[in-house]
Amino acid sequence: MIIAVALVVAFPGSDAKVRAVLMRHYQQVTVALQKRDVRILRMIMAPDFLVATPAGKANRDEVIRGFDQQSKAMKDLKWDRKIMSLHVKGGTAVAVVKGHLTAKLTGPTPHTFQLDATTTDTWKKAGSDWKLKSSSVSSSTALVDGKPMRRPRPK
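Going by the working numbering, the first residue of the sequence shown is number 1018, and it counts up by one from there.
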């Protein structure tokens, strides 16, 4: 109850409600990875979802395939996110989000994985819910056992 009151004071009006919905969706993405359940991702992402990263662009199906592969290679996953800014206008919400993901990589030799990233996510109102329309990665640092990973080449 105190958290809900604090959200309303800090983010008056409908932005507070949208922020709460988006944070719930970000948590659902974490659960999807933990449970290896891509159906959750399909419910949150718009059918025409696109992501832009330094390595190139990917559509929803490509992202879901990647999440499916990644989730099978990780355990003890934790993914904390914070919405740094949120702008809502009509049926569009744009959130700048900082995320910190940690996990253990499975395989014959155990490794630790860490990802820190900042994204600009565009959400579109769909009925009474919000769907993730696009995500643009503005910065990311991935570490394996504390050492930087090699970045894939742009497509």
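A virtual CB, placed ideally from N, CA and C, is assigned to each residue, including glycine.
8 Å Cβ cutoff met for residue i and residue j
| i | j | result |
| --- | --- | --- |
| Leu1149 | Asp1138 | yes |
| Ser1151 | Phe1084 | no |
| Trp1141 | Ala1063 | In the sequence as displayed, the identity of residue 1141 is Lys instead of Trp. Going by C-beta atoms, Lys1141 is nearer than 8 Å to Ala1063. |
| Phe1130 | Val1161 | yes |
| Val1154 | Thr1136 | yes |
| His1103 | Arg1036 | Correcting the residue identity first, residue 1103 is Leu in this sequence and not His. Cβ distance < 8 Å, so Leu1103 and Arg1036 count as in contact. |
| Gly1116 | Trp1096 | yes |
CA nearest to the CA of residue i, picked from the options
| i | options | result |
| --- | --- | --- |
| Leu1039 | Ser1153, Thr1109, Ala1120 and Lys1092 | Thr1109 |
| Val1114 | Glu1079, Ser1156 and Gln1086 | Ser1156 |
| Arg1098 | Thr1047, Pro1165, Ala1159 and Ala1033 | Thr1047 |
| Arg1077 | Val1161, Gln1045, Arg1056 and Thr1135 | Arg1056 |
| Ile1061 | Lys1095, His1128, Leu1103 and Ser1145 | Ser1145 |
| Thr1119 | Lys1034, Arg1041, Val1035 and Gln1051 | Gln1051 |
| His1128 | Lys1106, Asp1032 and Pro1165 | Pro1165 |
| Gln1086 | Asp1054, Thr1158 and Val1035 | Asp1054 |
| Val1105 | Trp1147, Arg1167 and Gly1163 | Trp1147 |
| Gly1107 | Ala1143, Ile1100 and Ala1075 | Ala1143 |
| Gln1188 | Thr1070, Ile1100 and Ala1075 | Nothing about residue 1188 can be reported from this structure: the residues present for the chain run from 1018 to 1172 only. |
Residue i (DSSP reduced to helix, strand or coil)
| i | result |
| --- | --- |
| Ala1090 | coil |
| Met1166 | coil |
| Thr1070 | strand |
| Ser1152 | strand |
| Thr1126 | coil |
| Gly1116 | strand |
| Arg1053 | coil |
| Val1111 | strand |
| Phe1084 | helix |
Any C-beta of chain C under 8 Å from that of residue i
| i | result |
| --- | --- |
| Tyr1043 | Of the protein chains in this structure there is only one, and it is not chain C. |
Notebook entry, point to check: Three or more C-beta pairs closer than 8 Å, one from the stretch 1078 to 1095 and one from the stretch 1116 to 1129: is that the case here?
Noted result: yes
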